[in-house]
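Everything on this sheet refers to the single structure shown next.
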DNA sequence: CCCGATTTGTGCGTATGTATC
DNA sequence: AGATACATACGCACAAATCGG
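Residue numbers (our numbering), protein chains in the order written: chain Z, 66 to 150; chain B, 66 to 150.
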């Protein structure tokens, strides 16, 4: 077992900030249904490894998506795709 | 009851990363038979205290050794030396 | 069956140092 | 000078799994 490699989705030389690129990719996965409502994301350190960025960058991206009501973070449990009402 | 002091095995000023030093020490104990197959390691907070490092550092070391198939981690039970086949 | 202790899982917040743009 | 990003490391709080009384 190994983590899916998502480094190819991030361009470290692009003019767009890394955390925004992570946002874009997570949004795309949610829109495509790869990340369904109520689904739990991998842990922050795991996401950092998958995307090949730091945990700091992952946290910024998550913070943004929480502000957009697309993710919900539960302390000690994990980060989840916002459930359908 | 008191925990064995393993702080002397860790050099906070060495060029080698702390979690790698912990890895080295755990590997040495396994190779020497001090940690036999199926043996349970002390809990993560206890290891952290023994080595004088954070639990985070201990977990990184454990994660590495799991990747090497030398340790097995069981939620709610403990961390064990990989059994012989 | 319930309760508490133990242990791992996860996230929160922060700090330091380095490198790059 | 400042913002962005990385890597490492620390301590803490809360959640979930397991086990024993």
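Every residue gets a Cβ at the ideal spot worked out from N, C-alpha and C, and that includes glycine. Bear in mind that the values here come from a model prediction, so they are computed numbers and not experimental data.
Measuring straight from C-alpha to C-alpha, what distance separates residue 209/Z and residue 113/Z?
Because chain Z spans 66 through 150 in this model, residue 209/Z falls outside it and cannot be assessed.
Answer with buried or exposed for residue 126/B, where buried requires no fewer than 16 other C-beta atoms within 10 angstroms of its C-beta.
With 16 or more other Cβ atoms within 10 Å, it is buried.
Would you say the segment 129-138 of chain B touches the segment 84-91 of chain B, given that touching needs at least three Cβ pairs under 8 Å?
Judged by Cβ distances under 8 Å, the segment 129-138 of chain B makes contact with the segment 84-91 of chain B, as three or more pairs qualify.
Would you call the CB atoms of residue 143/Z and residue 81/Z closer than 7 Å?
no
Starting from residue 91/B, follow its DSSP beta bridges and name the residues at the other end.
In DSSP, residue 91/B forms no bridge with anything.
Kindly identify the DSSP beta-bridge partner or partners of residue 125/B.
In DSSP, residue 125/B forms no bridge with anything.
Pick out whichever of 84/Z, 141/Z, 97/Z has its Cα sitting closest to the Cα of residue 122/Z.
84/Z
Residue 75/Z versus residue 115/Z: straight-line alpha-carbon distance, rounded:
10 Å
With DSSP collapsed to three states, give me the class of residue 117/Z.
Residue 117/Z: coil per DSSP, three-state reduction.
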